[in-house]
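Throughout, my numbering is defined as the position within the sequence shown, counted from one, plus 79.
Presented below is the structure to which this report refers.
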Amino acid sequence: MKNRFVVLGLVAVVLVFVIIALCIWLPYTSRKPDHVYSRAAVATDAKRCSEIGRDILQEGGSVVDSAIASLLCMGLINAHSMGIGGGLFFTIYNSTTRKAEVINAREVAPRLATTNMFNNSKDSEEAALGPALNGPGKVPGMLLVPVLLLLLVVVVVLLLLLVLVMPGLLRVPSIELARHGFPVGKGLGMALTSKREIIEKTPALCEVFCRQGKVLREGEIVKMPRLADTLEILAQEGAQAFYNGSLTAQIVKDIQEAGGIMTVEDLNNYRAELIENPISISLGNSTLYVPSAPLSGPVLVLILNILKGQIYGWGFWRLAGTVLFVCTPSTLLPPNLLRPALGSRQVIRNMSSEFYASQLRARISDGTTHPTEYYEPEFYIPDDGGTAHLSVVSEDGSAVSATSTINLYFGSKILSRVSGILFNDEMDDFSSPQFINQFGVSPSPANFIKPGKQPLSSMCPSIIVDKDGKVQMVVGASGGTQITTSTALAIINNLWFGYDVKRAVEEPRLHNQLLPNTTTTEKDIDQAVTEGLKTRNHYMEVTPTFIAVVQAVVRTANGWAAASDSRKGGEPAGY
Numbered sequence: 080m081k082n083r084f085v086v087l088g089l090v091a092v093v094l095v096f097v098i099i100a101l102c103i104w105l106p107y108t109s110r111k112p113d114h115v116y117s118r119a120a121v122a123t124d125a126k127r128c129s130e131i132g133r134d135i136l137q138e139g140g141s142v143v144d145s146a147i148a149s150l151l152c153m154g155l156i157n158a159h160s161m162g163i164g165g166g167l168f169f170t171i172y173n174s175t176t177r178k179a180e181v182i183n184a185r186e187v188a189p190r191l192a193t194t195n196m197f198n199n200s201k202d203s204e205e206a207a208l209g210p211a212l213n214g215p216g217k218v219p220g221m222l223l224v225p226v227l228l229l230l231l232v233v234v235v236v237l238l239l240l241l242v243l244v245m246p247g248l249l250r251v252p253s254i255e256l257a258r259h260g261f262p263v264g265k266g267l268g269m270a271l272t273s274k275r276e277i278i279e280k281t282p283a284l285c286e287v288f289c290r291q292g293k294v295l296r297e298g299e300i301v302k303m304p305r306l307a308d309t310l311e312i313l314a315q316e317g318a319q320a321f322y323n324g325s326l327t328a329q330i331v332k333d334i335q336e337a338g339g340i341m342t343v344e345d346l347n348n349y350r351a352e353l354i355e356n357p358i359s360i361s362l363g364n365s366t367l368y369v370p371s372a373p374l375s376g377p378v379l380v381l382i383l384n385i386l387k388g389q390i391y392g393w394g395f396w397r398l399a400g401t402v403l404f405v406c407t408p409s410t411l412l413p414p415n416l417l418r419p420a421l422g423s424r425q426v427i428r429n430m431s432s433e434f435y436a437s438q439l440r441a442r443i444s445d446g447t448t449h450p451t452e453y454y455e456p457e458f459y460i461p462d463d464g465g466t467a468h469l470s471v472v473s474e475d476g477s478a479v480s481a482t483s484t485i486n487l488y489f490g491s492k493i494l495s496r497v498s499g500i501l502f503n504d505e506m507d508d509f510s511s512p513q514f515i516n517q518f519g520v521s522p523s524p525a526n527f528i529k530p531g532k533q534p535l536s537s538m539c540p541s542i543i544v545d546k547d548g549k550v551q552m553v554v555g556a557s558g559g560t561q562i563t564t565s566t567a568l569a570i571i572n573n574l575w576f577g578y579d580v581k582r583a584v585e586e587p588r589l590h591n592q593l594l595p596n597t598t599t600t601e602k603d604i605d606q607a608v609t610e611g612l613k614t615r616n617h618y619m620e621v622t623p624t625f626i627a628v629v630q631a632v633v634r635t636a637n638g639w640a641a642a643s644d645s646r647k648g649g650e651p652a653g654y
């Protein structure tokens, strides 16, 4: 009997140790791994797309090849955010030449567009859905016709294939994904839920994104066979098929039948722009490269110029004060801006100068915020919307930071039943003369519609290199007007606070765009930050969702650390 108790006692002790070991070991093994790769890394907002970009690099493709292959995948898996019916900006760094370049493939207004074309419209997204939600007699004519013109000249990511990438890269796996289907992921699932009513009442959208008349849920399979056919044509014929080839007439027909004003001539004449000298600023021993207007590179530069060298000791208070001054690019950009080469270089130089930053810095009060008028908001621009970003670094140390968009979730909500292309609604990014916002602030002349003009955008795909010309950080974000502040925060967190890339991306964020003058925070932000902002007279609001989505790759002692923002369910890949 005594031996039996001894044995039972030993068994109990062993069990206790096993339980303790499991309590220590299981949480450790259940953590998401730190994504550090010795040779190359790809960070997108969808795991499969990161893997596709990685595979291209392993097969000997360039960093641009990898980025394009990943973007094509993202246009499927996160079709609500981007696709070949939208536009994009590339920031590219060549490690051999140590030179940064930007490719501007942003959408442009059609030649028939006019400044006053939307003057009778009040809510562009809601009104654009009029034909789907109501019969013709239920939609006021003055509202319906202008808003249907939202369909902008379509700019396709695949334009770059003509000179930058082999058509063969399209064969696998984007066409296979589109044809045979893929599970609805976190990002697309949330978007489908948020736009459920619109999608279920729009036959062409519901044909793709519904099952038995109800929107697909996360994990269910979505197929895009018509888009697969279009991708195959592009793989065989190149980008010419889109702009002056076998697809052109159908694209124009789809848009005009929906009430759009784009013509064959608009497509024929579109050209992407290579910018050989993008904006650059010094950040200590590092250099930041970012696109200029119509993107918000100048705004990002101004934020960092105001903050650099003064980051410790004041934290979020100074950041919140800074974004109130610089959050609206249209307050600063020139009215005649069409593309950067045609705009006022002096304005951009001012925004990039440390002297101008010091003038604004002197007006920021760490102890309190001020009424809206103090920050002199001359104009406002409309919010932009759904977007996607990726960051890539290849074995040779070259990098791409690319942001692409169709603007609002599911763009114009017009999906071609022939080509499968979901068209953008980038015209909604323009301002119109008669649109006075709810705060009584006039729209920006810098952002008025004009044929051939590109609307302003919050996108700012960025690359940072060290003093030796080696890539240090590749970063960018999606999320409309929250993009610029979120990109700035990720850079600050990593470069100045020393956070690893995962923490730099995942750290709770705040945002204020002045109009409205509300400081929005994510729910997990430190309570001390919230209370500190309240004592400084910030009107606070907690977002029910999240603030932007960031993708970043950072150089470490062991190679490349990559982070895809969990807010959208992404995951990086590399080797």
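Ideal Cβ positions, reconstructed from N, Cα and C, are used throughout, including at glycine.
In this text the structure is predicted, and so the values were computed from the model without any measurement.
Thinking just about the alpha-carbon of each residue, which of the options is nearest to the one in residue i?
i, options, result
"ARG428", "GLY376, ALA158, THR327 and LEU295", "GLY376"
"ASP545", "PHE261, ASN364, GLY338 and PRO304", "ASN364"
"ILE562", "SER253, LEU494, ALA481 and GLU311", "ALA481"
"ILE278", "LEU501, THR309, ARG588 and LEU191", "LEU501"
"THR622", "HIS590, SER643, LYS647 and GLY653", "HIS590"
"PHE489", "GLY266, ARG118 and ALA122", "GLY266"
"TYR116", "VAL472, VAL143 and THR327", "VAL472"
"ALA179", "ILE542, LYS293 and PRO189", "ILE542"
"GLY264", "ALA158, ALA120 and GLY164", "ALA158"
"LEU381", "GLY648, GLU586, ILE163 and ARG440", "ARG440"
"GLY498", "THR598, ALA328 and SER359", "A quick correction: the sequence has Ser, not Gly, at residue 498. Answer by Cα proximity: ALA328."
"LEU535", "ALA188, SER643 and THR597", "ALA188"
"ALA372", "PRO540, GLU297, LYS293 and LEU310", "PRO540"
"ASP605", "GLU586, THR598 and ILE571", "GLU586"
What residues match up with residue i in a beta bridge as DSSP calls it?
i, result
"ARG290", "LYS293"
"ARG634", "TRP639"
"PHE168", "ASN183 and THR482"
"THR309", "Note: THR309 sits in no beta bridge, so no partner."
"LYS178", "ASN173"
"VAL621", "THR600"
"GLY653", "ALA120"
"ALA467", "SER483"
"PRO262", "ILE300"
"HIS159", "Answer is none; HIS159 lacks a bridge partner."
"LEU501", "LEU494"
Using the C-alpha atoms, what's the distance from residue j back to residue i?
i, j, result
"TYR459", "GLY577", "Note on TYR459: pLDDT 48, under 50, position unreliable in the model; no value is reported."
"LYS581", "ALA641", "7 Å"
"ARG634", "ASP504", "37 Å"
"ASP507", "PRO522", "13 Å"
"ALA184", "ARG350", "8 Å"
"ARG496", "LEU155", "16 Å"
"LEU243", "SER557", "Low local confidence applies: a pLDDT of 42 at LEU243 is under 50, so the model's placement there is unreliable, with the coordinate-based value given in what follows. Whole-angstrom Cα-Cα distance: 24 Å."
"LEU284", "GLY476", "41 Å"
"GLU620", "GLU610", "12 Å"
"SER537", "LEU374", "6 Å"
"ASN637", "HIS114", "11 Å"
"ALA478", "ASN348", "30 Å"
"LYS492", "PRO524", "28 Å"
"ALA607", "SER444", "19 Å"
"TYR368", "ILE131", "26 Å"
"THR466", "SER483", "6 Å"
"PRO219", "PHE197", "Bear in mind that the predicted position of PRO219 carries a pLDDT of just 24, short of 50, making it unreliable; the figure below should be weighed with that in mind. Cα to Cα, the separation comes out at about 14 Å."
"LEU379", "LYS387", "12 Å"
"ILE171", "ALA146", "10 Å"
"ALA125", "ASN356", "31 Å"
"THR272", "TYR322", "34 Å"
"ASN486", "SER160", "7 Å"
"PHE527", "GLY139", "44 Å"
"ARG275", "SER431", "43 Å"
"ALA631", "ARG442", "32 Å"
"SER174", "VAL142", "11 Å"
"ARG127", "HIS259", "15 Å"
"MET269", "SER149", "21 Å"
How close, in whole Å, do the beta carbons of residue i and residue j come, if the pair is a contact with beta carbons under 8 Å?
i, j, result
"LEU167", "ILE340", "Contact doesn't hold; Cβ gap of about 23 Å is too wide."
"GLN592", "THR560", "5 Å"
"LEU612", "ARG588", "That pair is no contact at about 13 Å."
"LEU136", "ALA119", "5 Å"
"LEU353", "VAL331", "Actually they are not in contact, since the Cβ atoms of LEU353 and VAL331 sit about 26 Å apart, beyond 8 Å."
I'd like to know if residue i contacts chain B, where contact means its C-beta is closer than 9 Å to some C-beta of that chain.
i, result
"PRO540", "Among the chains of the structure shown, chain B does not appear; only one protein chain is present."
Does the beta-carbon of residue i, which I'm using as the reference point, lie nearer than 8 Å to any heavy atom of the ligand COA?
i, result
"THR635", "In the structure on display, the ligand COA does not appear, and there are no ligands present to speak of."
message: I'd like the ranges of any alpha helix (DSSP H) spanning at least 4 consecutive residues and lying wholly in the stretch 508-575.
response: 562-570, all fully within the stretch 508-575.
task: For the stretch 344-387, list the beta strand (DSSP E) runs that are entirely contained and at least 3 residues long, ordered along the chain.
output: For the stretch 344-387, whole beta strand (DSSP E) runs of length 3 or above, ordered along the chain, are 352-354, 358-362 and 365-369.
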